[in-house]
Amino acid sequence: MQDNYLRQHFPIMSAKVNGKSLIYFDNAATTQKPQSVIELSNHVYSAINANVHRAAHALAATATAKYEHSRRVIQSFIHAKNDEEVIFTSGTTESINLVADSWGRHFLTSEDEVLITHAEHHANIVPWQQLCEHTGATLKIVPLNKFGLIDVEAFQANLSEKTKLVAFHHISNVVGKVNPIKQLTALAKKVGSLVLIDAAQSVAHCELNVQDIDCDFLVFSMHKAFGPTGVGVLYGKKEILEKMPPYKTGGEMIKRVSLTQGTTFNKLPFKFEPGTPNIAGVIASAEAIEFIRDNCEHIYHQPLVSYLYDSLCSIDEVNILFDGCPDVGIFSFTINGHHQQDIAAFFDANGIALRVGHHCAMPLMEYLNIDGCIRASISAYNTRQEVDTFVRLLKAFLKHDSALSEKVTAVQDVQ
Ligand code: PMP
Numbered sequence: 001m002q003d004n005y006l007r008q009h010f011p012i013m014s015a016k017v018n019g020k021s022l023i024y025f026d027n028a029a030t031t032q033k034p035q036s037v038i039e040l041s042n043h044v045y046s047a048i049n050a051n052v053h054r055a056a057h058a059l060a061a062t063a064t065a066k067y068e069h070s071r072r073v074i075q076s077f078i079h080a081k082n083d084e085e086v087i088f089t090s091g092t093t094e095s096i097n098l099v100a101d102s103w104g105r106h107f108l109t110s111e112d113e114v115l116i117t118h119a120e121h122h123a124n125i126v127p128w129q130q131l132c133e134h135t136g137a138t139l140k141i142v143p144l145n146k147f148g149l150i151d152v153e154a155f156q157a158n159l160s161e162k163t164k165l166v167a168f169h170h171i172s173n174v175v176g177k178v179n180p181i182k183q184l185t186a187l188a189k190k191v192g193s194l195v196l197i198d199a200a201q202s203v204a205h206c207e208l209n210v211q212d213i214d215c216d217f218l219v220f221s222m223h224k225a226f227g228p229t230g231v232g233v234l235y236g237k238k239e240i241l242e243k244m245p246p247y248k249t250g251g252e253m254i255k256r257v258s259l260t261q262g263t264t265f266n267k268l269p270f271k272f273e274p275g276t277p278n279i280a281g282v283i284a285s286a287e288a289i290e291f292i293r294d295n296c297e298h299i300y301h302q303p304l305v306s307y308l309y310d311s312l313c314s315i316d317e318v319n320i321l322f323d324g325c326p327d328v329g330i331f332s333f334t335i336n337g338h339h340q341q342d343i344a345a346f347f348d349a350n351g352i353a354l355r356v357g358h359h360c361a362m363p364l365m366e367y368l369n370i371d372g373c374i375r376a377s378i379s380a381y382n383t384r385q386e387v388d389t390f391v392r393l394l395k396a397f398l399k400h401d402s403a404l405s406e407k408v409t410a411v412q413d414v415q
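Numbering (the UniProt record's numbering), first residue to last: 1 to 415.
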């Protein structure tokens, strides 16, 4: 018996991996999808598939209406002022590249500075590095405090009238702590800087209100929030998006194309959505948001986080990165005397999906002077029994007790 009511919505939870019942602790990489999201995605292909915004037929009108409905669902979910401020992209990575390329190459000069932190995902580092190389602007890096949060004093000390954009994570994919994004945004605004928030890890864990935060851009991927892969969101304030030139060009993002008089561009949000988008993915994303809304008290408040923290703290060999219990279910740690790859192979053989390595955060690994770590990231459909199995297996691994490992997974299989 599993102790979690949300679990029944996720068909993959009954899967076997390497002959064992799957324990999916890799939710920070991507979450699993509830039946309603899978069904809506299938329904699009089996009943309403057509290209959006173009054709003059009923099926296309239905697909377009559903696609635009998703935009409004996301608008209301993040509390954006209007739906033109919600741009669909392929993911967080593309959303950040869009801003770096369109806003950055147009507005940044060699006199300017961009501020990021030591704990950014590569997707929120490399586009700014490339931009600074291209423009001659300076990239500045803010350190973390001992809890793994952005150091507010250092952040403030790095701001000046030269700062034109700060880009930082709300929740890191390595450290499950929630940064004070409203406070950091207010500090950046005082020097007149724009603010981009990487909320890739946030949507599956907490509510977001872009007007209350007052950020200029906020980006996330639906696949990390029970939605389909290949759908990202870029929220941007309308007055800023309007001043930005197109990022990619082609069909749909134009108003008029003439071989003699050049091209004029479509209005927002279409100016930033060239070509055929991920129609089924965008439509099914609305269902993922509805799923979060319907179950937010289970999704946003997870007693399992402190349970896993206490369990890991009870094992001497485990070193959780940074002080204190994570705010959300993202745990990164090293284990004395054991290489991460051996741990990953052991858990994989036992049906437990973890992630090991640098987690696309090499500068953070360098900052911590480690070559990588193990990450167990849990979600609302995980159970206390799964945590117990994981911890018992870890103890068996540390004792080199293969007979005990077999016994632990046999118990998990009948639960
Ligand atoms: N930022 C953070 C904090 C992330 O966790 C991730 C995904 N691991 C990304 C950016 C990039 O997201 P995507 O791969 O969906 O574009």
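The C-beta atom is built at its ideal place from N, Cα and C for all residues, glycine as well.
beta-carbon residue i near the ligand PMP non-hydrogen atom, thresh 6 Å
i, result
"N173", "yes"
"Q201", "yes"
"T117", "no"
"A204", "no"
"S221", "yes"
"D198", "yes"
"G91", "yes"
"A167", "no"
"A123", "yes"
Cβ neighbour criterion (16 or more within 10 Å) applied to residue i
i, result
"T163", "buried"
"I12", "exposed"
"P303", "exposed"
"K224", "buried"
"C296", "exposed"
"D198", "buried"
"E386", "buried"
"M1", "Note that M1 has pLDDT 44, beneath the 50 cutoff, so the model's placement of it is unreliable and no number is given."
"Q35", "exposed"
"Y247", "buried"
"V203", "buried"
"N82", "exposed"
"K182", "exposed"
"A288", "buried"
"R256", "exposed"
"S306", "exposed"
Span separating the alpha-carbon of residue i from that of residue j
i, j, result
"L394", "N4", "23 Å"
"H121", "N27", "16 Å"
"S377", "I279", "29 Å"
"G227", "T117", "28 Å"
"A100", "F107", "10 Å"
"G232", "L6", "24 Å"
"H9", "I299", "13 Å"
"T389", "H339", "21 Å"
"residue 419", "H43", "Look at the range of the chain in this structure, 1 to 415, and you will see that residue 419 is not part of it."
"L368", "T64", "48 Å"
"E310", "S95", "The residue you asked about is not Glu; residue 310 is Asp in the sequence shown. Approximately 37 Å, taken between the alpha carbons."
"L169", "V219", "Going by the sequence as given, residue 169 is His instead of Leu. Computed Cα separation, rounded: 10 Å."
"V195", "P127", "15 Å"
"L98", "T135", "16 Å"
"F217", "A396", "46 Å"
"K243", "Y235", "15 Å"
"R72", "E84", "9 Å"
"L398", "G337", "9 Å"
"F272", "I87", "7 Å"
"V152", "L159", "11 Å"
"I374", "Q130", "29 Å"
"D112", "S172", "26 Å"
"H359", "M253", "35 Å"
"A200", "T260", "43 Å"
Residue-chain proximity (residue i, chain D), Cβ-Cβ < 7 Å
i, result
"I171", "The structure shown contains no chain D; it holds only a single protein chain."
Suppose only complete runs of 4+ residues qualify. What are the alpha helix (DSSP H) ranges in the segment 175-205, listed by chain order? 181-190
Enumerate, from N- to C-terminal direction, the unbroken beta strand (DSSP E) stretches of 3 or more residues contained entirely within the segment 65-108. 86-89
Which full runs of the beta strand (DSSP E) of 3+ residues lie inside the segment 215-293, going along the chain? 217-221, 232-236, 254-258 and 262-265
Taking only runs that begin and end inside the segment 317-393, name each unbroken alpha helix (DSSP H) of 4 or more residues, in chain order. 340-349 and 362-368
Which full runs of the beta strand (DSSP E) of 3+ residues lie inside the segment 129-171, going along the chain? 138-142 and 163-169
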